[in-house]
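Below is one structure; the comments refer to it alone.
Number of protein chains: 2
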Amino acid sequence: MSTAKPTKQRGRPPAFDHEEALEKALRVFWLRGYEGASMAELTEALGINRPSIYAAFGNKEELFRKALGKYLAGPVAYVAEAMNEPTSRQVVEKFLTKSAELLTNPNNPRGCMIVQGALSCGQGSELIQQELIAHRKGYEDALRQRFELAQKQGDLPNSVNASDLAKYVATIHQGMSVQATSGAPIEDLMAVVEVALKNWPAS
Amino acid sequence: MSTAKPTKQRGRPPAFDHEEALEKALRVFWLRGYEGASMAELTEALGINRPSIYAAFGNKEELFRKALGKYLAGPVAYVAEAMNEPTSRQVVEKFLTKSAELLTNPNNPRGCMIVQGALSCGQGSELIQQELIAHRKGYEDALRQRFELAQKQGDLPNSVNASDLAKYVATIHQGMSVQATSGAPIEDLMAVVEVALKNWPAS
DNA sequence: CTATTTTTGTACCTAACGGTATAATAATTA
DNA sequence: TAATTATTATACCGTTAGGTACAAAAATAG
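Protein chains in written order, with the working numbering: chain R, 131 to 333; chain G, 131 to 333.
See the structure below:
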């Protein structure tokens, strides 16, 4: 069967690019959080009319999820890369260093969208809140698994608890996100990373 | 001049206690954050009518500030106490341990109100956001000063940077607040504290 | 050229938001 | 008891929230 879609579409052509619009929505949600971002501000930022947003993305919740997808695939892609570093120490160093860069990058809103998107929220946003919690746990779990691998490979002592260590690194990352939102410059976050890594357990 | 106020007041007696009402408002703001807490939910929780709230506390912003005052004077009073510990190591141990207890206490909402009250927020809440940032910096600065004192007293090496160390501890605390909101039990936070303290610089 | 399809733009919906006018109520003072 | 004072309770204000009905517009298909 031929599912190759024809280049010529039937109706009136869309006046905006979905990916560009999502990129703009991402910036608003990143800055304001899920609840803090109003549809009015989003409409303004996307430069397209409200019914077009709803036709293209569903509703505010769906728009947030799709913008979050862009966030995961773009600015946060370094996390998966960091896991491929040869040793646990290098994994953490890369993860935290890249985090410090992202969290304070002047081209972005400050802080991490997964941390701040819906940390405290009103009664209507618990679903989004839970989804972000799940994402945070996912990253923490990836660290834990990587540390367990490191223990098998022998670059991390078996005496340490991989789960605790992962939670420690995740805690540092989340704290740095708060620090970035408070205005801490990258130098300060780098200093924190250095302190945090000063005594990394080595075999 | 006699400014001693008479025990008998003039008009209709208030039907609620200001301090109790503030305590209830505190719980709602603590759980929901500044924006996430609606006046409807606050009115419900306080059990008094809306005009009475406005008459007693001004408006939502003022109510938040007064509830925050209760938070600072009550649940968070341990921070000032922790500074009186004899050594910098003990200061941090007490600060972080007590934090872990508070952040996960089942009698409270999860997490720290100063961290989560208005981390990301909409356009109307930047003032509250800035005030909470100032409070976070205040605590961090208290740690820094305490560490500088410790260096003078000789229980902390002069080679370390007191400012960086304070930011490190504040980052751990703020990260633990996020972890608590994500559902981490106290044991996990205690384990993080242990890792964080494992190699505290000693003279 | 006409019919069909899809998106756009205007204008609007209901509900919830923070906040308040106003009158009834319950105490004290004279 | 009558006047005064402060608080309560009802009912409501204008604004903003997220979301949509509907017709005009711009393309393709026959």
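Where is the CB? At the ideal position from N, CA and C, for every residue including glycine.
Only a predicted model underlies this, so the values are computations on that prediction, with no experimental measurement involved.
- Under the three-state reduction of DSSP, Gly166 of chain R is assigned to helix.
- Taken through DSSP and simplified to helix, strand or coil, Asp285 of chain R comes out as coil.
- For the C-beta of Asp294 of chain R, the chain G residues within less than 8 Å are, from N- to C-terminus, Asp318, Ala321, Val322, Glu324 and Val325.
- Note that the C-beta distance between Gln304 of chain R and Gln309 of chain G is below 8 Å.
- Residue contact check for Gln246 of chain R against chain G: a CB pair falls below 8 Å.
- Residue burial annotation: Leu257 of chain R is exposed, with fewer than 16 other C-beta atoms found within 10 angstroms of its C-beta.
- Gly141 of chain R sits exposed, since fewer than 16 C-beta atoms from the chains shown fall within 10 Å of its C-beta.
- The residue from R:Phe187, R:Gln259 and R:Leu319 with its alpha-carbon nearest to that of Ser229 of chain R is R:Leu319.
- For Arg195 of chain R, the enclosing alpha helix (DSSP H) begins and ends at Lys190 to Ala203.
- Look at Pro143 of chain G here: in three-state DSSP terms it is coil, with no helix or strand label.
- Within 10 angstroms of the beta-carbon of Met169 of chain G lie fewer than 16 other beta-carbons, which makes it exposed.
- The residues Glu165 and Gln259, in chain order, have a CB closer than 6 Å to that of Cys251 of chain G in the same chain once the five nearest residues on each side in sequence are set aside.
- At a cut-off of 8 Å between beta-carbon atoms, Ser218 of chain R makes no contact with chain G.
- Between the C-alpha atoms of Ala272 of chain R and Ser293 of chain R there is a straight-line separation of about 10 Å.
- Minimum Cα-Cα distance from Phe277 of chain R among the listed residues R:His148, R:Ala296, R:Ala186 and R:Asn179 corresponds to R:Ala296.
- In this structure, the CA atom of Gln253 of chain G is about 43 Å from the CA atom of Gln281 of chain G.
- Here the alpha carbons of Ser333 of chain G and Arg162 of chain R stand approximately 44 Å from one another.
- Residue burial is scored here from C-beta neighbours: Gly268 of chain R has fewer than 16 other C-beta atoms within 10 angstroms and is therefore classed as exposed.
- Neighbours of Leu249 of chain G across chain R, judged by C-beta separation under 7 Å: Gln246, Leu249, Val308 and Thr311.
- As the crow flies, the alpha-carbon of Tyr208 of chain G is around 11 Å from that of Val221 of chain G.
- The beta carbon of Arg195 of chain R does not come within 8 Å of any beta carbon belonging to chain G, so the residue lies off that interface.
- Judged by DSSP in its simplified three-state form, Lys228 of chain R adopts helix.
- Of G:Ala185, G:Leu176, G:Gly313 and G:Glu324, the smallest CA-CA separation from Leu156 of chain G is found for G:Leu176.
- Among the CB atoms of chain G, one or more fall inside 8 Å of the CB of Gly305 of chain R.
- Rounded to the nearest whole angstrom, the CA to CA distance from Met243 of chain R to Tyr201 of chain R is 8 Å.
- Shown here, Ile178 of chain R sits in coil according to DSSP, grouped into three states, outside any helix or strand.
- Taking 8 Å as the CB threshold, Asn329 of chain G lines the interface with chain R.
- Boundaries of the alpha helix (DSSP H) harbouring Lys297 of chain G: Ala292 to Thr311, taken from the DSSP string.
- 8 Å or more divides the Cβ of Asn288 of chain R from the Cβ of Asn329 of chain G.
- Of the other Cβ atoms in all chains shown, fewer than 16 fall within 10 Å of the Cβ of Gly284 of chain R; this residue is therefore exposed.
- Pairing Ile302 of chain G with Thr301 of chain R gives a Cβ-Cβ distance under 8 Å.
- For the C-beta of Arg162 of chain G, the chain R residues within less than 9 Å are, from N- to C-terminus, Ser250, Cys251, Gly252 and Gln253.
- The residues Arg240 and Gly241, in chain order, have a CB closer than 6 Å to that of Thr311 of chain R in the same chain once the five nearest residues on each side in sequence are set aside.
- Residues of the region 257-280 of chain R with a C-beta less than 8 Å from any C-beta of chain G: Ile263, Arg266 and Lys267, listed in chain order.
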